[in-house]
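Visitor: Chains as they are written, first to last, in full-length UniProt numbering: chain A, 1 to 484; chain B, 1 to 70.
Cβ atoms here follow ideal geometry from the backbone N, Cα and C, with glycine treated the same way.
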Amino acid sequence: MTVLDSGTTADRGTTAARETAAATAEAAAIDSRDPLVRLGHLLDEGSIRRISPEDRSGVLAVTGRVDGVPVVAFCSDARIQGGAMGAEGCEHIVHAYDVAVRERVPVIGVWHCGGARLAEGVESLHAVGRVFAAMTKASGVVPQISVVVGPAAGGAAYGPALTDIVILADSGRIFVTGPDVVRSVTGEQIDMAALGGPEPHSKRSGVVHVVTKDEPEALLRARQLAGLLGHQGRMREVDEVDFSDVLPDNPRRAYDVHPLVKGLLDEPGVELQPKWAPNIVTTLGRLGGRTVGVIANNPMRLGGCLDSASAEKASRFVRMCDAFGVPLIVLVDVPGYLPGVGQEHDGVVRRGAKLLHAFAEASVPRVTLITRKAYGGAYIAMNSRSLGATRVFAWPTMEVAVMGAVAAVRIIKRREIAAVPEEERAALEARLAEEHEKAAGGLQRAIDLGVVDEVIEPAKTRGAIARVLAQATPARGAHGNIPL
Amino acid sequence: MAEVHAEMVANVWKIVVSEGDVVDEGDTLVILESMKMEIPVLSEDPGTVTKIQVKEGDVVQEGDLIAVVE
Numbered sequence: 001m002t003v004l005d006s007g008t009t010a011d012r013g014t015t016a017a018r019e020t021a022a023a024t025a026e027a028a029a030i031d032s033r034d035p036l037v038r039l040g041h042l043l044d045e046g047s048i049r050r051i052s053p054e055d056r057s058g059v060l061a062v063t064g065r066v067d068g069v070p071v072v073a074f075c076s077d078a079r080i081q082g083g084a085m086g087a088e089g090c091e092h093i094v095h096a097y098d099v100a101v102r103e104r105v106p107v108i109g110v111w112h113c114g115g116a117r118l119a120e121g122v123e124s125l126h127a128v129g130r131v132f133a134a135m136t137k138a139s140g141v142v143p144q145i146s147v148v149v150g151p152a153a154g155g156a157a158y159g160p161a162l163t164d165i166v167i168l169a170d171s172g173r174i175f176v177t178g179p180d181v182v183r184s185v186t187g188e189q190i191d192m193a194a195l196g197g198p199e200p201h202s203k204r205s206g207v208v209h210v211v212t213k214d215e216p217e218a219l220l221r222a223r224q225l226a227g228l229l230g231h232q233g234r235m236r237e238v239d240e241v242d243f244s245d246v247l248p249d250n251p252r253r254a255y256d257v258h259p260l261v262k263g264l265l266d267e268p269g270v271e272l273q274p275k276w277a278p279n280i281v282t283t284l285g286r287l288g289g290r291t292v293g294v295i296a297n298n299p300m301r302l303g304g305c306l307d308s309a310s311a312e313k314a315s316r317f318v319r320m321c322d323a324f325g326v327p328l329i330v331l332v333d334v335p336g337y338l339p340g341v342g343q344e345h346d347g348v349v350r351r352g353a354k355l356l357h358a359f360a361e362a363s364v365p366r367v368t369l370i371t372r373k374a375y376g377g378a379y380i381a382m383n384s385r386s387l388g389a390t391r392v393f394a395w396p397t398m399e400v401a402v403m404g405a406v407a408a409v410r411i412i413k414r415r416e417i418a419a420v421p422e423e424e425r426a427a428l429e430a431r432l433a434e435e436h437e438k439a440a441g442g443l444q445r446a447i448d449l450g451v452v453d454e455v456i457e458p459a460k461t462r463g464a465i466a467r468v469l470a471q472a473t474p475a476r477g478a479h480g481n482i483p484l
Numbered sequence: 001m002a003e004v005h006a007e008m009v010a011n012v013w014k015i016v017v018s019e020g021d022v023v024d025e026g027d028t029l030v031i032l033e034s035m036k037m038e039i040p041v042l043s044e045d046p047g048t049v050t051k052i053q054v055k056e057g058d059v060v061q062e063g064d065l066i067a068v069v070e
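1) Based on Cα-Cα distance, which residue from A/Asp322, A/Lys354, A/Ser308 lies nearest to A/His345?
2) Pull the bridge partners of B/His5 from the DSSP assignment, please.
3) Is it a yes or a no for the segment 247-258 of chain A touching the segment 146-166 of chain A, going by three-plus beta-carbon pairs under 8 Å?
4) Taking DSSP as the reference, what is the three-state secondary structure of A/Lys438?
5) Is A/Gly293 closer than 7 Å to A/Leu328 when the C-beta atoms are compared?
6) Give me the chain B residues within the contact set of A/Pro335, using Cβ-Cβ distance strictly less than 9 Å, ordered along the chain.
7) Identify every residue that forms a DSSP beta bridge with A/Tyr375.
8) If you draw a straight line from the C-alpha of B/Ile52 to the C-alpha of B/Ile66, how long is it?
9) Checking 7 Å against the spacing of the C-beta atoms, do A/Val332 and A/Met382 come in under that value?
10) Of the choices A/Arg130, A/Tyr158, A/Gly40, A/Arg79, whose alpha-carbon is the least far from that of A/Gly115?
11) Could you have a look at B/Met35 and say whether DSSP puts it in helix, strand or coil?
12) Quick check on DSSP: helix, strand or coil for A/Pro70?
13) Who are the neighbours of A/Gly404 on chain B, taking C-beta pairs under 9 Å?
14) Under three-state DSSP, which class holds A/Cys75?
15) Taking only beta-carbon positions, decide if B/Pro40 is within less than 7 Å of chain A.
16) Spatial neighbours of A/Ala222 within its chain, please: CB distance less than 7 Å, with the 5 preceding and 5 following residues excluded, ordered by chain position.
17) From the beta carbon of A/Ala440, is the nearest beta carbon of chain B less than 7 Å away?
18) Which first and last residues belong to the beta strand (DSSP E) in which residue 494 of chain A is found?
19) Who are A/Asn250's beta bridge partners in DSSP?
20) I'd like to know whether the C-beta of B/Val59 is nearer than 7 Å to at least one C-beta of chain A.
21) Buried or exposed for A/Met403, going by 16 or more other Cβ atoms inside 10 Å?
22) DSSP three-state call for A/Leu264: helix, strand or coil?
23) Cα separation between A/Leu225 and A/Val101?
24) By the DSSP assignment, the alpha helix (DSSP H) with A/Ser310 in it spans what residues?
25) Can you grab the Cα-Cα spacing for the pair B/Ile15 / A/Gly303, in whole Å?
26) Determine the DSSP secondary structure at A/Ser6, reduced to helix, strand or coil.
27) Is the Cβ-Cβ distance between A/Val318 and A/Arg476 less than 7 Å?
28) How about A/Leu443: is its C-beta nearer than 7 Å to some C-beta of chain B?
29) Shortest alpha-carbon distance to A/Val72 belongs to which of A/Ile93, A/Val468, A/Arg56?
30) Closer than 8 Å is the cut-off here; do at least three beta carbon pairs connect the segment 348-368 of chain A with the segment 383-392 of chain A?
31) Spatial neighbours of A/Glu188 within its chain, please: CB distance less than 8 Å, with the 5 preceding and 5 following residues excluded, ordered by chain position.
32) In chain order, what residues of the same chain lie with their CB nearer than 6 Å to the CB of A/Thr2, ignoring the 5 residues before and after it?
33) CB residue 485 of chain A to CB A/Ala446, shorter than 7 Å?
34) From the DSSP output, which residues share a beta bridge with B/Asn11?
35) Using a C-beta to C-beta distance shorter than 7 Å, which residues of chain A count as neighbours of B/Glu70?
36) Pick helix, strand or coil for A/Ala116, following the three-state DSSP scheme.
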């Protein structure tokens, strides 16, 4: 949002003032806040058909296409009362949802809205509530994408929040109560950007899935995501990529999982919530031309541990993909759940349970690849056989166990270890760990039990995964996508 | 100024940078050891390391200050 500082403008002198005046005149000719202009950037040229009349409602609803894929879209009219939502504008949004659900096409909402219209009082609140109800009814039925390009405050914050994916342009601000109210109630001094701009929402709150440098890029991302969800394509033959160099030689060493995710996909996909709970990566992209969702532990962050935030992030992604029939690829390298008082009190039990529920509930085809470690409860949570994985692959480097072998024997064999002199303990631990690994963990045991189906070479990974997904019976979960 | 805190209980395994070093976003400052894993602590912002609060062998608790980048 641009706020003109008149003091600064005056200081710049007459030339600058003339330039400003010229720019203003140009801006008046093509007002970038005109919803028809905004939707024109979002949708294919010449594809727009109005489904709401030209009026003072503050909302424009249309049908159109994104790379040929039919969609429904609506946009706040920020020129009228700052885009505030009244009864009439909300009626247009509800109507747009009716059309989208009837036609089974994605809905894209472009938001620049200060909230409910104050002058309409409770009538506008009732209308905003009806929008929420329409969004919830459509949840899991048609993909819903929100692009926030200006303020989305109060009721307008919860509109995007109810949808599947929220994109925030640099100019976007999302909050329930603005800085003035915060200041008057709690005394906290904060500006709009620090309260609800890209920084807090990308790193701290998890409200936003994609942050972009400007409005055009935000609209471009919306197009890309609408294409991925609205036109999923059919799997064709894939080329192989050799992933032999992805893992470091030392099994304790951290590495970034992004190159593996990128290499698995035909072209870079769209990573959702990249900076929030970065210890798990959730990316939508295509494999063999077909849309897939990739979930991967990232050992570079928190050792790749699952924690309450990452479990919640992954759960919502799993449920979104399941609702729209997008097959899942789960890349596992996880040392466990993150230990700590903070985690326990943060509800890692409750929030971690969401991931178990999401995978166990999912009907969509879902392939697991264990690349390195799969320990303890986190092994189960990462789409294990027990939760119903379609197929479980492992690289030869895989190790699955309740915990690391040395840590395990320190508990199981603690008396035996304590009985020997201190200087001999390390050697004994190592020997016991080796025996334990043979008996309890290790690849062969996992295969014998049927919790791993097949060991594949890193250089044959794409083909193996693509074949399973191509042969699996397509399915989608019959549920909504509650914003977990 | 950005304070970098420990996100988990861990041993300090290796100090990678020194006070006064210029770092970029995503550079490794310190490597912790926990959960049988080496866990790099990354700088969230570009800047200069003005303080390293830990030394190798220390045990850090969740939330402890590790370094300051300005």
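Guide: Taking the coordinates as given:
1) Looking at A/Asp322, A/Lys354, A/Ser308, the one whose alpha-carbon comes closest to that of A/His345 is A/Ser308.
2) Per DSSP, B/Leu65.
3) No, the segment 247-258 of chain A does not touch the segment 146-166 of chain A.
4) In the structure shown, A/Lys438 sits in a helix (DSSP, three-state: H, G or I).
5) For the pair A/Leu328 and A/Gly293, the CB atoms are nearer than the 7 Å cut-off.
6) Under a criterion of Cβ atoms nearer than 9 Å, the residues of chain B adjacent to A/Pro335 are, in order, Ser34, Met35, Lys36, Met37.
7) Per DSSP, A/Ala401.
8) Each residue's Cα considered, the two are about 6 Å apart.
9) A/Met382 sits close to A/Val332, with the two beta carbons spaced by under 7 Å.
10) Ranking A/Arg130, A/Tyr158, A/Gly40, A/Arg79 by CA distance to the CA of A/Gly115 puts A/Tyr158 first.
11) Coil at B/Met35, not helix or strand.
12) Of the three classes helix, strand and coil, the one that applies to A/Pro70 here is strand, per DSSP.
13) What A/Gly404 touches in chain B: Met35, Lys36.
14) Residue state for A/Cys75 is assigned as strand, using DSSP reduced to three classes.
15) Judged by the 7 Å Cβ criterion, B/Pro40 is in contact with chain A.
16) Only Leu42, Ile108, Ile145, Val147, Ile167 meet the Cβ criterion.
17) So, not an interface residue.
18) The structure shown has nothing for residue 494 of chain A, since chain A only spans 1 to 484.
19) Residue pairing by DSSP places A/Asn250 opposite no residue, since no beta bridge is assigned to it.
20) Not an interface residue.
21) A/Met403 comes out buried.
22) For A/Leu264, the three-state secondary structure derived from DSSP is helix.
23) Taking the CA atoms as reference points, A/Leu225 sits about 18 Å from A/Val101.
24) Where A/Ser310 is concerned, the enclosing alpha helix (DSSP H) stretches over 308-323.
25) Straight through space, the alpha carbons of A/Gly303 and B/Ile15 are spaced by roughly 17 Å.
26) Bear in mind that the predicted position of A/Ser6 carries a pLDDT of just 35, short of 50, making it unreliable; the figure below should be weighed with that in mind. The answer is helix: DSSP assigns A/Ser6 an H, G or I state.
27) The answer is no: Cβ separation not under 7 Å.
28) So, not an interface residue.
29) Here the closest residue by C-alpha is A/Ile93.
30) Output reads yes: the segment 383-392 of chain A touches the segment 348-368 of chain A.
31) The residues are Val182.
32) With a pLDDT of 38 at A/Thr2, under the threshold of 50, the modelled position of this residue cannot be trusted; read the value that follows with caution. The same chain holds no residue with a CB closer than 6 Å to that of A/Thr2 once the five nearest residues on each side in sequence are set aside.
33) This structure cannot speak to residue 485 of chain A, because chain A is shown only from 1 to 484.
34) Under DSSP, B/Asn11 shares a beta bridge with B/Glu33, B/Val59.
35) Here the premise fails: no neighbours, minimum Cβ distance about 18 Å.
36) Residue state, collapsed to three classes: strand.
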